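> Here it is, the structure, as structure tokens.
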Amino acid sequence: MPVYVGALELDLLLGDVHSLKQKRSVVRPVIAELRKRFEVSVAESGHLDLHRRSLIGVAVVAPDSGHVRTVLDACERTVAGRPEIELLSARTRVIGPEDE
Numbered sequence: 033m034p035v036y037v038g039a040l041e042l043d044l045l046l047g048d049v050h051s052l053k054q055k056r057s058v059v060r061p062v063i064a065e066l067r068k069r070f071e072v073s074v075a076e077s078g079h080l081d082l083h084r085r086s087l088i089g090v091a092v093v094a095p096d097s098g099h100v101r102t103v104l105d106a107c108e109r110t111v112a113g114r115p116e117i118e119l120l121s122a123r124t125r126v127i128g129p130e131d132e
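Below, the structure written as structure tokens:
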């Protein structure tokens, strides 16, 4: 059975945030929601020292590429729909057996 791995990179601008502590209070619930709702791996992976920016990485593994894309698209829509966050960019990559 084939295995597909998908990665989503979300570059975020946070709203009314003035400290790293406030940043954590915005980013942590987003990460927790994505993990629980979509059963994906999620981590803040960039802009760690900037209080108004965040780079979140999402990863998913599935037996078909369509499912991978569906899950990652849903994750992107969920984050984009949050009023306290502006989604600056989203980048999706899917790797499968044909990429060897």
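In our numbering, the protein residues as written are 33 to 132. Backbone N, C-alpha and C define an ideal beta-carbon position, used for all residues, glycine too. Owing to the predicted nature of the structure, the values given are computational and were not obtained by experimental measurement.
Taking Leu119 as part of the beta strand (DSSP E), name the residues at either end of that continuous run.
Note, Leu119: beta strand (DSSP E), 117-127.
> According to DSSP, is Leu45 helix, strand or coil?
Leu45 falls in the strand class under three-state DSSP.
> Could you pull the start and end residues of the alpha helix (DSSP H) that Val72 belongs to?
Taken as a continuous stretch (DSSP letters only), Val72 belongs to no alpha helix (DSSP H), as it is neither H nor E.
> Going by Cα to Cα distance, which pick from Gly78, Leu40, Met33 is closest to Val92?
Nearest option by C-alpha distance: Leu40.
> Is Val35 helix, strand or coil by DSSP?
Three-state result, Val35: coil.
> List the DSSP bridge partners of Ala94.
Note: Ala94 sits in a beta bridge opposite Tyr36.
> Taking the alpha-carbon of Ile88 as reference, which of Asp96, Ala94, Gly98, Ser77 has the nearest alpha-carbon?
Selected option, being the one with the closest Cα: Ser77.
> Look at the Cβ atom of Val72, then the Cβ atom of Val103, and state whether they are nearer than 8 Å.
In this structure, Val103 lies closer than 8 Å to Val72 by Cβ.
> So, using beta-carbon positions, are Leu42 and Ala122 closer together than 8 Å?
In this structure, Ala122 lies closer than 8 Å to Leu42 by Cβ.
> Can you name the residues that DSSP bridges to Ile28?
Past the edges of the chain, shown from 33 to 132, lies residue 28, and the structure says nothing about it.
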